[in-house]
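Heads up: the sequence shown is residues 1 to 449, going by UniProt numbering.
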Amino acid sequence: MTSSDAAAATMKKVPIPANGVDYRGKVVLAPMVRSGELPSRLLALHYGADLVWGPETVDHALIGTTRHVNPTTGMIEFTKPPPNAHPSKKNLGSPPAPQLIYRLDPVRERRRLIFQLGTSDPSRAVAAARLVAPDVAGIDVNAGCPKPFSTSGGMGAALLKTPDKLCAILRALVEAVVPEFEVGVSVKIRLLETPAETESLVRALCRTGITGLTIHCRTAPMRKTEPVKREQLRMIVGVCREYGVACLINGDVTGRDEGVRLAEEYGADGAMIATAAEKNSSCFRTAEQGGLAGWREVVERYLRFAMEVENKFGNTKYLLNILIPGREPVLKKTHGAQSYVAVCELLGYTDLIEQARVVDDRLGLSPEAKAREKAAKEAAVQEKIREQQIQQKQEKQQKQQQASKRKYSDSSPRSRSPPRKVLVEREGNGNRNAVPEAPAQAAPAATFV
Ligand SMILES: Cc1cc2nc3c(=O)[nH]c(=O)nc-3n(C[C@H](O)[C@H](O)[C@H](O)COP(=O)(O)O)c2cc1C
Numbered sequence: 001m002t003s004s005d006a007a008a009a010t011m012k013k014v015p016i017p018a019n020g021v022d023y024r025g026k027v028v029l030a031p032m033v034r035s036g037e038l039p040s041r042l043l044a045l046h047y048g049a050d051l052v053w054g055p056e057t058v059d060h061a062l063i064g065t066t067r068h069v070n071p072t073t074g075m076i077e078f079t080k081p082p083p084n085a086h087p088s089k090k091n092l093g094s095p096p097a098p099q100l101i102y103r104l105d106p107v108r109e110r111r112r113l114i115f116q117l118g119t120s121d122p123s124r125a126v127a128a129a130r131l132v133a134p135d136v137a138g139i140d141v142n143a144g145c146p147k148p149f150s151t152s153g154g155m156g157a158a159l160l161k162t163p164d165k166l167c168a169i170l171r172a173l174v175e176a177v178v179p180e181f182e183v184g185v186s187v188k189i190r191l192l193e194t195p196a197e198t199e200s201l202v203r204a205l206c207r208t209g210i211t212g213l214t215i216h217c218r219t220a221p222m223r224k225t226e227p228v229k230r231e232q233l234r235m236i237v238g239v240c241r242e243y244g245v246a247c248l249i250n251g252d253v254t255g256r257d258e259g260v261r262l263a264e265e266y267g268a269d270g271a272m273i274a275t276a277a278e279k280n281s282s283c284f285r286t287a288e289q290g291g292l293a294g295w296r297e298v299v300e301r302y303l304r305f306a307m308e309v310e311n312k313f314g315n316t317k318y319l320l321n322i323l324i325p326g327r328e329p330v331l332k333k334t335h336g337a338q339s340y341v342a343v344c345e346l347l348g349y350t351d352l353i354e355q356a357r358v359v360d361d362r363l364g365l366s367p368e369a370k371a372r373e374k375a376a377k378e379a380a381v382q383e384k385i386r387e388q389q390i391q392q393k394q395e396k397q398q399k400q401q402q403a404s405k406r407k408y409s410d411s412s413p414r415s416r417s418p419p420r421k422v423l424v425e426r427e428g429n430g431n432r433n434a435v436p437e438a439p440a441q442a443a444p445a446a447t448f449v
């Protein structure tokens with residue numbers, strides 16, 4: 001045993017719950033809204049990411065979802081009823097699809113998926129975390145996103161300005177989620193302006209009982225194009241060590257080899273990669289394993305995963321736009337593609353076309369599926385019209401019966417004569433002297449309408 005092994009053995013460590021994972025010694029995929037959906041995570045795992053963070057999911061969005069296993073793909077899906085389930089003409093035809101909030105792979109992501117929560121309230125955070133905790137290896141709180149959609153609700157980087165609230169959220173999660181589901185709780189933050197401010201925040205966070213902390217080495221106002229600042233890193237790593245919390249470094253890490261080197265240089269426990277992995281997930285391979293793969297191989301692999309899990313086509317196209325280098329002429333053509341078949345044909349992945357046909361059909365993207373949808377919509381419109389006609393007829397009959405009842409309920413013979421106005425209308429032609437016919441006892445109600 002070397003002296004560093006001995007030091008590691010005696011190192012303080014917050015216990016890792018039985019169903020959780022230790023972030024130590026890991027190079028992981030960062031949480032990325034839109035870019036971190038299931039096929040991207042499977043791609044990162046395929047190329048060697050040790051753990052994957054899902055995209056930030058806001059507590060409000062998750063609360064109220066139903067968990068189910070997709071019978072075709074085997075994926076676990078958390079869905080909500082469609083936002084506009086009202087049966088307007090637009091929604092006629094096949095029933096509107098439920099809203100997909102989160103999708104995960106119970107096999108390939110088992111013990112490797114960290115769910116990232118967007119929250120600004122301890123009880124909501126717990127309510128949301130409870131829904132996914134049985135299916136993930138950890139719950140991470142986003143306290144670093146500076147985008148208005150996150151900060152406007154007091155979430156993301158806004159939590160860096162309300163450290164008491166952030167600590168209350170983490171404590172609530174640790175108290176509820178750790179004993180009940182035996183998974184760890186972690187946090188992802190950015191640097192504060194001064195080392196003293198950052199240190200005081202990191203100490204407070206480490207005292208909440210979290211197992212891990214990721215530091216994105218930029219302050220909240222810094223743009224992602226600005227180079228990261230690593231001056232505070234040793235201090236942060238040191239504080240985490242003191243409390244036994246695993247510390248991952250993030251920001252401008254280009255691949256596994258660099259992540260391992262930086263972690264060693266700063267004494268951190270591992271590294272997290274976002275942008276480089278978004279462009280080409282094979283950055284998780286070491287140079288020895290072959291390093292970066294060519295874009296055609298990566299895109300083909302990505303498409304396989306996207307189709308396997310029936311990824312929303314719009315999201316797949318968004319990712320293709322990032323995975324295919326901008327200089328490639330085929331990129332422009334894929335912009336106009338409307339289906340998986342079209343994309344596979346354009347990119348020349350002929351052996352994927354059969355699978356693409358099946359997926360297009362299931363997702364309603366094939367010409368046949370579109371025709372079926374159109375026919376179903378038309379049939380539903382006709383059915384609606386028929387129902388309305390029947391209803392109108394029934395209402396009319398009801399009115400006539402009521403009018404007729406009113407008329408005959410009065411026993412006075414005089415009142416049996418149709419009112420003068422009605423007579424005039426019936427007689428038309430200005431024949432005001434015409435003698436009205438006495439109504440037969442069983443006269444149809446419609447006579448005087
Ligand atoms: C497309 C995109 C989406 C992101 N979404 C999230 C998110 O959901 N949660 C989060 O904590 N950070 C998010 N980030 C920030 C990254 O996780 C990461 O902290 C940042 O990009 C710095 O790492 P990098 O230099 O490797 O890109 C996102 C970044 C990108 C590029």
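Ideal Cβ positions, reconstructed from N, Cα and C, are used throughout, including at glycine.
Distance from the CA of D59 to the CA of Q394, rounded to the nearest whole angstrom, comes to 48 Å.
Of the other Cβ atoms in all chains shown, fewer than 16 fall within 10 Å of the Cβ of N321; this residue is therefore exposed. Per the DSSP secondary-structure output, C247 pairs in a beta bridge with L213. For A133, the CB contacts under 6 Å within the same chain, skipping 5 residues up- and downstream, are V177, F181, V183 in chain order. Here DSSP, grouped into helix, strand and coil, assigns D140 to strand. Rounded to the nearest whole angstrom, the CA to CA distance from A220 to G156 is 10 Å. Less than 8 Å separates the beta-carbon of P98 from that of P82. Across the structure, E345 and A369 are spaced so that their CA atoms are roughly 19 Å apart.
DSSP places Y302 inside the alpha helix (DSSP H), whose first and last residues are 295–308. In this structure, L191 and K229 form a Cβ contact; the two beta carbons are roughly 7 Å apart against a cut-off of 8 Å.
In chain order, A143, G144, L166, I189, R190, L192, L201, A220 place their CB closer than 8 Å to the CB of L160, counting only its own chain and leaving out the 5 sequence neighbours on each side. The segment 125–139 and the segment 47–64 touch, with no fewer than 3 CB-CB distances between them shorter than 8 Å. When the five nearest sequence neighbours on each side are left out, the beta carbons in the same chain lying within less than 7 Å of the beta carbon of R357 are those of V341, S366, in order along the chain.
Annotation: G244 to Q338 spans about 50 Å, alpha carbon to alpha carbon. Out of R34, E258, I101, the CA that lies nearest to the CA of T66 is found in I101. Nearest C-alpha to R261 among A287, G238, I390: A287. Around the beta carbon of F149, fewer than 16 other beta carbons sit within 10 angstroms, so the residue counts as exposed.
Pairing E383 with K374, the inter-Cα distance amounts to about 14 Å. By the neighbour-count criterion, in which a residue is buried when 16 or more other Cβ atoms sit within 10 angstroms of its Cβ, D164 is exposed.
Note on the segment 1–80: whole alpha helix (DSSP H) runs with a minimum of 4 residues are 3–10, 38–46, 59–62, in chain order.
Fewer than three pairs of CB atoms, one per stretch, sit closer than 8 Å, so the segment 40–47 makes no contact with the segment 12–22. With fewer than three CB-CB distances shorter than 8 Å, the segment 26–39 does not count as touching the segment 193–212.
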